[in-house]
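**Q** Pasting a structure here, questions to come.
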Amino acid sequence: MTTLDTAPASPSAAPVVTRTTHRGIPLSRIITTEVRKMFDTRSGFWLMASIGILALLATSAVILFAPDDEMTYSSFVTAIGIPMTVVLPIIAILSVTGEWSQRSGLTTFTLVPDRGRVIAAKAVSCVGVAVVSVPLAFGTGALGNVVGTAIARVDPVWDLTVTNLLTIVLANVLGLLVGFMLGVVIRRSAGALVAYFVYSFLLPTLSLLLATSQDWFRDLQPWVDFSYAQSALFEGALTAQQWAHLGVTGTIWLAIPLTVGLGFVMRAEVK
Amino acid sequence: MITVESVTRAYGDFTAVDDVSFTAHVGRVTGFLGPNGAGKSTTLRIIVGLTRATSGTATVSGRRYVDLPNPGLEVGVCLDASAQHAGRTGREILTIAQRFMGLSHRRVEEMLELVSLTPEEASRRVRDYSLGMRQRLGIAAALIGEPEVLILDEPANGLDPAGIRWMRGLLRDYADRGGTVLLSSHLLHEIEVIADDLVVIGNGRIVAQGAKNHLLQAAGSIVRTTYREVIATALSDAGVTSSPVGEDGLLAQAEADHVGKIAFAAGVPVIELRPADGAGLEEMFLGLTAETQRGTTSENQPVGAVA
């Protein structure tokens, strides 16, 4: 191979650049910037707005279609909760996969080379969205309950305790983290969305079929079916065993894959 | 200053970057030149920590990029102007950079003005931007933190001639004020008007590097004559290798002064005699990269004879 090596001419008289030590980027700033990034595209904005819109639609539907005796606070919260359990994980998925699918990660991970901090900031922002939007949904449901029962001229029924509300928040946060995990593991928007629907709709159905047809699986199901374990969160206070189910299945289906996915994210090339 | 030392990146059996070492000096524009797939982008990604080197080290201002506390304030990077969320507006993309770096919001409008994006254009979504507008936005994002070092991958892509002239002025001024610029290109003409130093890469290996002026001199001179064969023989007798260029030209591996004397001694009239300049560098570029692409290992083969 021919190598031509000529010494570069001495650099021109450049002003001595003073070395200033810059302070690091605080995590709080990464978090607020990541929150902004969840809203600042048209798709992101409408995804967020859809939570509110779907909550209003669900509330109206209960008022219009629910029989008077079923017009209770829990009906409203359940109706609002169903679209929300779908939308929140999608928000989490897209907040992660956008960096790869839209290739904005090239900028993000250049400005913040510590990828662990970026991913942590995204996790905090996503959970923050759930923690803010789920209580808003409760508020919408309460409003619906007051208005609906007034229209129907029946007494409002408040059949959810604070514990109920808290476990529902936890269920939504877990659902959102599942989306987050799939985003981290797959890192492609389309793939992660498909995986999410397989994970949260197909797997529970298969598990249910297996449990009804196979005796050996029936006792095992609570220990391996994350969706089954989570469903307890919508039904009131959990027993110690139900918490254990949640812990074990959460480790298998959420914590372990998330850890593996994070390992990939830390090492993978960003192109 | 950017220092790359013996950086190698292998993907299985394929070595994308093979023992690459070079330095981009303060106050100078260093052009990183090579054909597509030569390893330029991989090398740049390694410098900024997006790709891990299999071996070797790269430092910016004496530190590894990933160890910089707030890299945007020290190194301006634009590796791919199109790698942005298509649904964000130009202004929003700069705002995100400004927020990450913790700068005043005023910087966003200043940068938009610097790269001549109008307020109306800045409010458009990036999916509706031309490549040239994306490049301007990318340069704005790279400069927003007032860094001392700039790393730009193919920044002239998609710019019109006026845009290239604008960027040349901007980078020249930036380097003259004490900045370090490393920019890559696969087009020689684009880079030779901007760069002070050149690093030429082919098939993952550095094939030439040094000050542009030195490389130009090393590239010989062009002589045009209607008696090409006679001069070629005379040059050859004098120990100067040459190769035909165009209709009636020869690229001789010697300075114009020396070639003139040989032609005079041989009694051959010439039409034109001049340093090869760009033409010579292009021959060198094509020759060197073609050589590595063919994978031949001919040692010390004169550059001109290869092409």
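Read top to bottom, the protein sequences are chains A and B. Going left to right, the first sequence walks through residues 12 to 282 as my numbering numbers them. Going left to right, the second sequence walks through residues 38 to 344 as my numbering numbers them. Every residue, glycine too, gets a C-beta built ideally from N, C-alpha and C. The structure presented is a predicted model; accordingly, all values stated were derived computationally and were not measured.
How long is the line joining the alpha carbons of B/Ile201 and B/Arg173, rounded to whole angstroms?
**A** Reading the second sequence from its first residue, position 164 is the one you call residue 201 of chain B. Reading the second sequence from its first residue, position 136 is the one you call residue 173 of chain B. Cα-Cα distance, rounded: 11 Å.
**Q** I want to see whether chain A comes within less than 8 Å of B/Leu88, judged by CB atoms only; does it?
**A** Counting from one through the second sequence, the residue named residue 88 of chain B turns up at place 51. What sits at residue 88 of chain B in the sequence shown is Thr, not Leu. Cβ-Cβ to chain A under 8 Å: yes for B/Thr88.
**Q** For B/Val54, I'd like the list of residues in its chain whose CB is within less than 8 Å of its CB, leaving aside the five on either flank, ordered along the chain.
**A** For the purposes of this step, residue 54 of chain B is identified with residue 17 of the second sequence, where counting begins at 1. If we look at B/Val54 and ignore the five residues flanking it on each side, its Cβ neighbours are Val44, Thr45, Arg46, Gly76, Thr79, Thr80, Ile83, Ala90, Gly241.
**Q** In the DSSP assignment, the beta strand (DSSP E) including B/Gly297 goes from what residue to what residue?
**A** In the second sequence, residue 297 of chain B corresponds to position 260, counting from 1. B/Gly297 -> not in any beta strand (DSSP E); alpha helix (DSSP H) instead, spanning 293–303.
**Q** Could you tell me whether the Cβ of B/Leu116 comes closer than 8 Å to any Cβ of chain A?
**A** On the second sequence, position 79 is the one that residue 116 of chain B refers to. Yes, its Cβ sits closer than 8 Å to a Cβ of chain A.
**Q** Per DSSP, A/Thr262 forms a beta bridge with which residues?
**A** The residue given as residue 262 of chain A occupies position 251 in the first sequence. Looking at the DSSP assignment, A/Thr262 forms no beta bridge with any residue, so it has no partner.
**Q** Can you determine whether any heavy atom of the ligand ADP sits closer than 7 Å to the C-beta of A/Arg128, and answer yes or no?
**A** The ligand content of the structure shown is nil, which means the ligand ADP is not present either.
**Q** Counting C-beta neighbours from all protein chains within 10 Å, is the total for B/Gly113 16 or more, i.e. buried, or is it exposed?
**A** Start at 1 with the first residue of the second sequence, and residue 113 of chain B comes out as number 76. B/Gly113 should be labelled buried.
**Q** Give the secondary structure of B/Ile201 by DSSP, where H, G and I count as helix, E and B as strand, and everything else as coil.
**A** Stepping through the second sequence from its first residue, residue 201 of chain B is reached at position 164. Correct three-state label for B/Ile201: helix.
**Q** Hey, is A/Val123's beta-carbon within less than 8 Å of any beta-carbon in chain B?
**A** Mapped onto the first sequence, residue 123 of chain A falls at position 112. It does: the Cβ of A/Val123 has a partner Cβ on chain B nearer than 8 Å.
**Q** Give the DSSP-derived three-state secondary structure of B/Ile259 in the structure shown.
**A** Here residue 259 of chain B corresponds to residue number 222 of the second sequence, with the count starting at 1. Strand, per DSSP.
**Q** Would you kindly work out how many angstroms separate the C-alpha atoms of A/Asn175 and A/Pro146, rounded to a whole number?
**A** One-based indexing of the first sequence puts residue 175 of chain A at position 164. One-based indexing of the first sequence puts residue 146 of chain A at position 135. Roughly 12 Å between the two C-alpha positions.
**Q** Any Cβ of chain A within less than 8 Å of the Cβ of B/Phe137?
**A** For the purposes of this step, residue 137 of chain B is taken as residue 100 along the second sequence, with counting starting at 1. Interface residue, yes.
**Q** Below 9 Å on C-beta distance, what does B/His142 contact in chain A?
**A** Translated into positions along the second sequence, residue 142 of chain B becomes position 105. What B/His142 touches in chain A: nothing, since even the nearest Cβ is about 13 Å away.
**Q** Name the residue from A/Ile64, A/Met95, A/Arg278 whose alpha carbon lies nearest to the alpha carbon of A/Val184.
**A** Along the first sequence, one-based indexing puts residue 184 of chain A at 173. Distance from the Cα of A/Val184 is smallest, within the candidate group A/Ile64, A/Met95, A/Arg278, for A/Met95.
**Q** Quick one: is B/Asp50 buried, meaning 16 or more other Cβ sit within 10 Å of its Cβ, or exposed?
**A** Along the second sequence, read from residue 1 onward, the residue named residue 50 of chain B stands at position 13. That one is exposed.
**Q** Which residue comes first and which comes last in the alpha helix (DSSP H) that contains B/Val218?
**A** Here residue 218 of chain B refers to the residue found at position 181 when the second sequence is read from its first residue. No alpha helix (DSSP H) holds B/Val218; the beta strand (DSSP E) holding it covers 217–222.
**Q** Against chain B, does A/Phe301 count as a neighbour if the rule is that its beta carbon must be under 8 Å from one of theirs?
**A** Lying outside 12 to 282, the shown extent of chain A, residue 301 of chain A is not represented and no answer is given.
**Q** With contact counted as at least three CB pairs below 8 Å, one residue from each stretch, are the region 75–95 of chain A and the region 124–137 of chain A in contact?
**A** no
**Q** Output yes or no for whether 8 Å exceeds the beta carbon distance between B/Ser98 and B/Val237.
**A** Here residue 98 of chain B refers to the residue found at position 61 when the second sequence is read from its first residue. Here residue 237 of chain B refers to the residue found at position 200 when the second sequence is read from its first residue. No, Cβ-Cβ distance for B/Ser98 and B/Val237 is not below 8 Å.
**Q** Closer than 7 Å by beta-carbon distance: list the chain A residues that pair up with B/Arg125, in chain order.
**A** Counting from one through the second sequence, the residue named residue 125 of chain B turns up at place 88. Within chain A, the residues near B/Arg125 are Asp51, Thr52.
**Q** Are the C-beta of A/Gly190 and some C-beta of chain B separated by less than 8 Å?
**A** Taking the first residue of the first sequence as position 1, residue 190 of chain A is located at position 179. Not flagged as an interface residue toward chain B: A/Gly190, since no C-beta distance is shorter than 8 Å.
**Q** Could you tell me which chain A residues have their CB closer than 7 Å to the CB of B/Val85, listed as they occur along the chain?
**A** Taking the second sequence and counting its residues from 1, one reaches residue 85 of chain B at position 48. Neighbours of B/Val85 on chain A, chain order: Thr121.
**Q** Which residues of chain B have a Cβ atom closer than 8 Å to the Cβ of A/Ile36, listed in chain order?
**A** In the first sequence, residue 36 of chain A corresponds to position 25, counting from 1. Under the 8 Å cutoff, chain B gives Pro106, Asn107, Phe137, Met138, Gly139.
**Q** Could you spell out the range, first to last residue, of the alpha helix (DSSP H) harbouring A/Leu58?
**A** Residue 58 of chain A sits at position 47 when you count from the first residue of the first sequence. Where A/Leu58 is concerned, the enclosing alpha helix (DSSP H) stretches over 53–76.
**Q** Compare the C-beta of A/Lys48 against all C-beta atoms of chain B and say whether one is closer than 8 Å.
**A** For this step, residue 48 of chain A is matched to residue 37 along the first sequence. Yes, because at least one Cβ of chain B sits closer than 8 Å to the Cβ of A/Lys48.
**Q** Using DSSP's beta-bridge definition, name the partner residues of B/Tyr102.
**A** Along the second sequence, one-based indexing puts residue 102 of chain B at 65. DSSP lists no partner for B/Tyr102.
**Q** Taking just the CA atoms, how far does B/Leu116 sit from A/Thr17?
**A** The residue labelled residue 17 of chain A in the question sits at position 6 within the first sequence. The residue labelled residue 116 of chain B in the question sits at position 79 within the second sequence. Residue placement at A/Thr17 is flagged as unreliable, the pLDDT there being 42, under the threshold of 50; the coordinate-derived value follows with that caveat. Going by the C-alpha atoms only, they are around 28 Å apart.
**Q** Answer with buried or exposed for A/His256, where buried requires no fewer than 16 other C-beta atoms within 10 angstroms of its C-beta.
**A** The residue you call residue 256 of chain A lines up with position 245 of the first sequence. By the Cβ neighbour-count rule, A/His256 is buried, with 16 or more other Cβ atoms within 10 Å of its own.
**Q** So, at 8 Å on beta carbons, what are the nonlocal neighbours of A/Val73 in its own chain, with the 5 sequence-adjacent residues on each side left out?
**A** Locating residue 73 of chain A in the first sequence gives position 62, counting from the first residue. Cβ neighbours of A/Val73 beyond the five flanking positions: Met82, Ser86, Phe87, Ala90, Gly155, Gly159.
**Q** Tell me B/Asp234's beta-bridge partners as DSSP assigns them.
**A** Locating residue 234 of chain B in the second sequence gives position 197, counting from the first residue. DSSP output for B/Asp234 lists B/Thr67, B/Ala248 as bridge partner(s).
**Q** What does B/Tyr264 touch in chain A if you count any residue whose Cβ is under 9 Å from its own?
**A** On the second sequence, residue 264 of chain B is found 227 positions in, with the first residue counted as 1. In chain order: nothing, as chain A lies at least about 30 Å away.
**Q** I'd like the list of long-range same chain contacts for B/Val307, defined as Cβ closer than 6 Å, with 5 residues on each side in sequence excluded.
**A** The sequence position of residue 307 of chain B within the second sequence is 270, counting from 1. The residues are Val260, Thr262, Ala300.
**Q** Identify the contact partners of B/Glu129 in chain A, using a Cβ-Cβ distance below 7 Å as the criterion.
**A** The count along the second sequence starts at 1 and reaches residue 129 of chain B at position 92. The answer, in chain order, is Asp51.
**Q** Judging by CA-CA distance, which residue of A/Val196, A/Ala60, A/Ser211 is the nearest neighbour of A/Trp111?
**A** Start at 1 with the first residue of the first sequence, and residue 111 of chain A comes out as number 100. Taking only the C-alpha atoms, the option nearest A/Trp111 is A/Val196.
**Q** When Cβ atoms are compared, which residues of the region 144–171 of chain B fall closer than 9 Å to chain A?
**A** Arg162
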